[in-house]
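Visitor: So the protein sequences, as listed, match chains H and Y.
Residues are numbered in this note's numbering as their position in the first sequence, beginning at 1, plus a constant of 34.
Residues are numbered in this note's numbering as their position in the second sequence, beginning at 1, plus a constant of 10.
Backbone N, C-alpha and C fix where the C-beta goes; we use that ideal spot for every residue, glycine too.
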Amino acid sequence: MKTIRNWKLVVSVVMCLGLFGAGSAFPETRGVTKDAIQMGMILVKTGPVAALGLPEGWGIQDTFDEINQTGGVNGRKINLIWEDDQFKTPLSISAFNKLIFRDKVLSITCMGGTPQTIALFDLIDKHHVVNIPNALAEEFYKPHKPYVFVLGASYETQIELMFDYIMNDLKAKDPRIAVVYAETEFGKKGLEAARKRAEQYGIKLVSELVLNIGSVDASSQVLSLKKDNVDYVVTCNLVPPIITFLKTAEKYDYWPTTFGISWSCDDMVVKACKDASKNYIGVNFVGGWEDDTPGMKRVRELAKKNDRDPAKMLTSLYTIGVGTATVLAEGMKRAGQDLTPESYKDGMETLNNFETGGIVPPVTYSSTSHAPTTVARLYRAAPDKGVMAPITDWRSPKEMK
Amino acid sequence: MRIFQTIWGKLWLILFCLALLSLPLWADPYIIYMVNISGIAVIAAIGLNILTGLTGQISLGHAAFVAIGAYTSAILASKLNTPFWLTIPAGGIVAAFFGILLGFPCLRLKGLYLAMATMSFGVVVEYGITHWDSLTMGVRGISVPAPTIFGYTLGDPSKLFYVTIFFVTILTLGAKNLARTRIGRAFVAIRDRDVAAEVIGINLTKYKVMAFAISSFYGGVAGGLYSYSTTYLHPENFTLLLSIEYIAMIIIGGLGSILGSIFGAVFLTAMPDIIKGFADFMGRQFVFLHGRYDEEWNIAAFGLLIMIFLIVEPTGLNGIWTRIKTSFKNWPFTY
């Protein structure tokens, strides 16, 4: 009996692992038929960061739907397949494999996030998957990655713009600046950029404090900053911890000018914090929700048409989604009728100061560089209107040695 | 082959091995990748089942051992160019070392206190890999080069598949045999009643620490394979949630059963696809259900399954499988 049990055990291992075995060989060309284009998207829909992934995904989905309703791209309708990676690398890799080999998509719009995209670099390159990652790490374009196109301003650019604003626009004399950051890849990038820029201006950062994404209270950080008489707080974090920080600061009657990067430059901060956000300034590479530009009008109309309530979502992320899909669709259009992963890449590389009507700054890629723009804009919270209102035009950081 | 004594046993084994080994020739890479991550989950779940199911020592820190193994392999491979056939066992050995370190202070702890201690260990490890930038690259993550053997790259899932299957087979057979040895029986005796076990001559210190060491070795090997499979490690991959997933695997599969670990690991890995497939099928049958599928269902199903199995089927999938087998064996009799 023991013998039977033993061999059955081994057989069971084999059977269980073989359970998935129902696939078939895949063709060499993929994702494009006479009248349709299969597109994939890997973006978090569930879990702690779903609030970020959902509006961006909706923006992409709604844009492709709109394009389909107006005849598609070169006569082909885009069919978007959205896979949820729960912001986990293994799930992102399995979603990638599913999209490429099961659904046979032409391309995948984004890969989930920074760790997921880095883990997929080899596969992206191997299968020629044109994509715009929803992250802004330097590794994405240095060294040059032929199929990765970065959209937006890097964290370095955004932090530099904050310091420039403090020093040149606010004309601060001996400012006492501190950094509050999340212990994440982008948080550390922001911290390093802040250190570098402070050094360039000959300033010593007063303190560097961690405020993690799941934090529900920022008392220790706020009290420490207040004790050090910090006037300007440069943050590198997401919307929820920024809301926590601003509300905690209000509680302790502490009102420094606080700066946030694009992931926290959203109307939601103003709506949640109200007066607590009155000294909050954000940097972003997308247009403001209330901007009177053709691009932002289109974004608002898309949201309205698809029942996306701006009061209940991160509008800046929705705007990024629309911008991403618009750029990807333009690249597809420029690839022409003979749409392949390679011609798609070539089409994207012809974008030269491509205008989205104010959704994102003009987009330029070439065959040697897929680096993002160095242009962004500063917004200030307007608690009476519940929005982040632009306070500068699109600008680049000041050149400094 | 001694444990496959009958001709039928050997024949079936050969047939299944052939079917399995030829999988990369006929299955698409998505399936191969899923088989790989199932295999990795199988190894980790077996390791946890040795500690929790066989020895009765609950652990909420298993993800930490997987992380230690994964980072050991990744660091050895990326910084010292060590070959994968050394880095993966090294991941297991380093994890086992930490398992021993954790095992000693946990000797007197039971139940909730042991759960808290192991969970805290997980938090410490997560903190360590996040902050030891010079070694682990912290939140930037660490890239893992593709494994190679004799100049031949095994980075592709279809090639890594053979490496995974090799380790799954060896470690599954090892665990099955372990359960039948004096060591395995000592583990079970400790689980059933540690005082009684000590009275009959079982050295509690030795065997409890050994259980921690073996369990963490399995976790470490799984971590090593994980690092090659994902090619990029990040501290966020090894949170408490992963430990809970492993606990769920052994509960759903069947506590104390090696076969149960396999069932549980494969079932939970495949569950999202099963639910989605079922939802698609239902959507085709009933129009009002079409397009209703939402990823949140997976999370709800995950929690619901644990509840159902704990209440209705504590022996897990392995218990169901045993009952089905027995029914067929006894048919047409009901006893």
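#1: What's the C-alpha gap between HIS178 (chain H) and SER403 (chain H)?
#2: Can the beta-carbon of THR325 (chain Y) be found closer than 8 angstroms to that of PRO124 (chain H)?
#3: Using 8 angstroms for Cβ pairs, my map puts GLY391 (chain H) next to THR327 (chain H). What's the rounded Cβ distance?
#4: Give the residues of chain H in contact with HIS244 (chain Y), contact being defined as C-beta atoms less than 7 angstroms apart.
#5: Would you please verify whether the beta carbon of SER58 (chain H) is less than 8 angstroms from any beta carbon of chain Y?
#6: In the structure shown, what three-state DSSP assignment does ASN348 (chain Y) receive?
#7: Applying a beta-carbon distance threshold of less than 9 angstroms, which residues of chain Y neighbour SER241 (chain H)?
#8: Where does SER144 (chain Y) fall in DSSP's three states?
#9: Does the ligand PLP have a heavy atom nearer than 7 angstroms to the CB of LYS111 (chain H)?
#10: Tell me PHE388 (chain H)'s beta-bridge partners as DSSP assigns them.
#11: Which residue comes first and which comes last in the beta strand (DSSP E) that contains ARG334 (chain H)?
#12: Whole angstroms is fine: what's the gap from GLY313 (chain Y)'s alpha carbon to VAL356 (chain H)'s?
#13: Please classify LYS192 (chain Y) as buried or exposed, where buried requires at least 16 neighbouring CB atoms within 10 angstroms.
#14: How would you label ARG190 (chain Y), buried or exposed, when you count the other beta carbons within 10 angstroms and need 16 or more for buried?
#15: So with Cβ pairs under 8 angstroms, would you call GLU136 (chain Y) a contact of chain H?
#16: I'd like to know whether the C-beta of ASN131 (chain H) is nearer than 8 angstroms to at least one C-beta of chain Y.
#17: Would you please verify whether the beta carbon of LYS79 (chain H) is less than 8 angstroms from any beta carbon of chain Y?
#18: Quick check on the DSSP output: the beta strand (DSSP E) that includes GLU117 (chain H) runs from which residue to which?
#19: In chain H, which residues lie less than 7 angstroms from ASN59 (chain Y) when you measure between Cβ atoms?
#20: Contact check, ILE438 (chain H) vs LEU114 (chain H) under 8 angstroms by CB: the rounded distance?
#21: Can you pull the DSSP bridge partners for ALA350 (chain Y)?
#22: Please state whether the Cβ-Cβ distance between ILE78 (chain Y) and GLY184 (chain Y) is less than 8 angstroms.
#23: Does DSSP put MET126 (chain Y) in a helix, a strand or coil?
#24: Name the two residues that bound the continuous beta strand (DSSP E) containing MET366 (chain H).
#25: Name the one or two DSSP bridge partners that GLU242 (chain H) has.
#26: Report the rounded CA-to-CA distance for ASP325 (chain H) versus ASN271 (chain H), giving the unit in angstroms.
#27: Pairs of beta-carbons, one from the segment 218-227 of chain Y and one from the segment 85-96 of chain Y, closer than 8 angstroms: are there three or more?
#28: Suppose contacts are defined by Cβ-Cβ distances below 8 angstroms. Is LYS312 (chain H) in contact with ALA153 (chain H) by that definition?
#29: How would you list, in chain order, the residues of chain Y whose beta-carbon sits under 8 angstroms from the beta-carbon of PHE174 (chain H)?
#30: Give me the chain H residues within the contact set of PRO34 (chain Y), using Cβ-Cβ distance strictly less than 7 angstroms, ordered along the chain.
#31: Counting C-beta neighbours from all protein chains within 10 Å, is the total for PRO61 (chain H) 16 or more, i.e. buried, or is it exposed?
#32: Given ALA169 (chain H), which residues of its chain have a CB within under 6 angstroms of its CB, disregarding the five upstream and five downstream residues?
#33: What does DSSP give as the partner residue(s) for GLY294 (chain H) in the beta ladder?
#34: The alpha helix (DSSP H) that contains CYS307 (chain H), what's its start and end?
#35: Bridge partners of ALA416 (chain H), per DSSP?
#36: To the nearest angstrom, how far is the alpha carbon of ASP96 (chain H) from that of ALA337 (chain H)?
Guide: Once the coordinates are examined:
#1: 6 angstroms
#2: no
#3: 6 angstroms
#4: THR123 and PRO149
#5: Because SER58 (chain H) sits at a pLDDT of 40, beneath the cut-off of 50, its placement in the model cannot be relied upon, and the following sentence gives the value as read from the coordinates. Output row for SER58 (chain H): interface = yes.
#6: With chain Y covering 11 to 345 only, the question about residue 348 (chain Y) has no answer from this structure.
#7: Simply none; closest approach about 18 angstroms.
#8: helix
#9: In the structure on display, the ligand PLP does not appear, and there are no ligands present to speak of.
#10: H:VAL397
#11: No beta strand (DSSP E) holds ARG334 (chain H); the alpha helix (DSSP H) holding it covers 328-339.
#12: 35 angstroms
#13: It should be noted that the sequence gives Arg, not Lys, for residue 192 (chain Y). The residue is exposed, with fewer than 16 neighbouring Cβ atoms inside 10 Å.
#14: exposed
#15: no
#16: yes
#17: yes
#18: 111-117
#19: Simply none; closest approach about 13 angstroms.
#20: Because chain H here runs from 35 to 435, residue 438 (chain H) falls outside it and cannot be looked at.
#21: Residue 350 (chain Y) lies beyond the stretch modelled for chain Y, which goes from 11 to 345, so this question has no answer here.
#22: no
#23: helix
#24: Taken as a continuous stretch (DSSP letters only), MET366 (chain H) belongs to no beta strand (DSSP E), being part of the alpha helix (DSSP H) at 349-369.
#25: H:VAL213
#26: 24 angstroms
#27: no
#28: no
#29: Correct list: empty, because the minimum Cβ distance to chain Y is about 13 angstroms.
#30: Those within 7 angstroms of PRO34 (chain Y) in chain H number zero; the least Cβ separation is about 10 angstroms.
#31: A caution first: PRO61 (chain H) carries a pLDDT of 45, below 50, which makes its placement in the model unreliable, though a value can still be read off. Burial call: exposed.
#32: GLY147 and THR148
#33: H:GLY316
#34: 301-307
#35: H:VAL421
#36: 8 angstroms
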